[in-house]
Amino acid sequence: MQVNVDNIKGLAEKEQKLYRDLISLVDEEMEHARAGNTMALMDVLKRKQAVISCQEALQDKWLEFAASMGISSSRETVEFWDALAARLGKEGSKDVIEKIIEIRKMAAEILEKEYEVQKELESHLAKLRSNLLKLNDGMRAFKAYMS
335 MQVNVDNIKG LAEKEQKLYR DLISLVDEEM EHARAGNTMA LMDVLKRKQA VISCQEALQD
395 KWLEFAASMG ISSSRETVEF WDALAARLGK EGSKDVIEKI IEIRKMAAEI LEKEYEVQKE
455 LESHLAKLRS NLLKLNDGMR AFKAYMS
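This is the structure we're talking about:
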């Protein structure tokens with residue numbers, strides 16, 4: 335079966351765009367986490383979920399594509415890439431693989447940034463917890479004083 339190189343490139347390009355969008359959203363998420371802006375943070379999380387949903391739909395298209403080539407495994411397997419390379423030819427395969435390498439780099443960058451956001455949020459949570467404990471201690475002292 336001959337594979338349309340442009341269709342494969344199109345899938346990879348769509349995925350690249352989604353990852354770029356996610357990087358931008360994670361950067362925005364960090365800004366709001368640092369500022370303690372919960373409402374804006376929730377808005378970013380909703381928009382991130384929409385992008386993630388698009389990524390899931392795109393993964394389904396990759397699976398459909400693999401099935402049309404008679405491949406039962408996902409694009410994360412060697413079998414998929416070997417079969418794709420055989421059908422695309424050397425130049426088409428090289429171009430698609432370069433796009434996938436960039437996608438993987440972006441995914442790693444997102445994971446790193448997400449970890450930093452998580453640490454920032456945990457820091458805010460620790461501060462909030464500390465403030466609540468101080469408030470609780472203050473209330474106990476006040477009650478003891480009033481008794």
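Quick note on this note's numbering: the sequence shown kicks off at 335 and runs consecutively. Ideal Cβ placement from N, Cα and C applies to all residues, glycine included.
Problem set entry | Reduced DSSP secondary structure (H/G/I, E/B, other) of R474 | Under the three-state reduction of DSSP, R474 is assigned to helix.
For this session: Label R409 either buried or exposed according to how many other C-beta atoms from any shown protein chain fall within 10 Å of its C-beta, with 16 as the threshold for buried.
Result: Counting Cβ neighbours within 10 Å, R409 comes out buried, since at least 16 surround it.
Problem set entry | Contact belief for L345 with K424 at Cβ below 8 Å, rounded distance in angstroms | In this structure L345 is not in contact with K424, their Cβ atoms being roughly 19 Å apart against a cut-off of 8 Å.
For this session: Would you mind sorting L445 into buried or exposed? The rule is 16 or more other CB atoms within 10 Å of its CB.
Result: Its Cβ having fewer than 16 others within 10 Å, L445 is exposed.
Exercise. By a C-beta neighbour count over all protein chains shown, 10 Å radius and 16 as the cutoff for buried, is A478 buried or exposed?
Worked result: Exposed: under 16 other Cβ atoms inside 10 Å.
For this session: Please work out which residues of its chain come closer than 8 Å, Cβ to Cβ, to H458, disregarding the five sequence neighbours upstream and downstream, and give them in chain order.
Result: Hits under 8 Å: A367, G370.
For this session: Give a yes or no on contact between the stretch 345–354 and the stretch 386–393, applying the rule of three or more CB pairs nearer than 8 Å.
Result: Counting C-beta pairs closer than 8 Å gives three or more between the stretch 345–354 and the stretch 386–393, which meets the contact rule.
For this session: Assign A435 to buried or exposed, taking buried as 16 or more other Cβ atoms, counted over all protein chains shown, within 10 Å of its Cβ.
Result: Per the sequence shown, residue 435 should be read as Ile rather than Ala. With a threshold of 16 other beta carbon atoms within 10 Å, I435 falls short and is exposed.
Exercise. Which term fits A400, buried or exposed, when burial requires 16 or more other beta carbons within 10 angstroms of its beta carbon?
Worked result: With 16 or more Cβ atoms within 10 Å of its Cβ, A400 is classed as buried.
For this session: Please state whether DSSP places N341 in a helix, a strand or coil.
Result: The three-state reading of DSSP puts N341 in helix, counting H, G and I together.
Exercise. In terms of alpha-carbon separation, which member of K343, A417, L356, N338 lies closest to K439?
Worked result: When each option's Cα is compared against that of K439, the closest is L356.
For this session: Answer yes or no: do S403 and R381 have a C-beta to C-beta separation smaller than 8 Å?
Result: Here the sequence assigns Met to residue 403, which means Ser is not the residue at that position. No, the Cβ-Cβ distance between M403 and R381 is not below 8 Å.
Exercise. By Cβ distance, which residues of its chain are closer than 7 Å to I375, with the 5 residues on each side in sequence left out?
Worked result: For the sequence presented, residue 375 should be read as Leu rather than Ile. Spatial neighbours of L375 in its own chain (CB-CB distance under 7 Å, excluding positions within 5 residues in sequence) are listed in chain order as E363, H366, A367.
For this session: Check R381 in the structure and name its three-state DSSP category.
Result: R381 carries a helical assignment under DSSP once its states are collapsed to helix, strand and coil.
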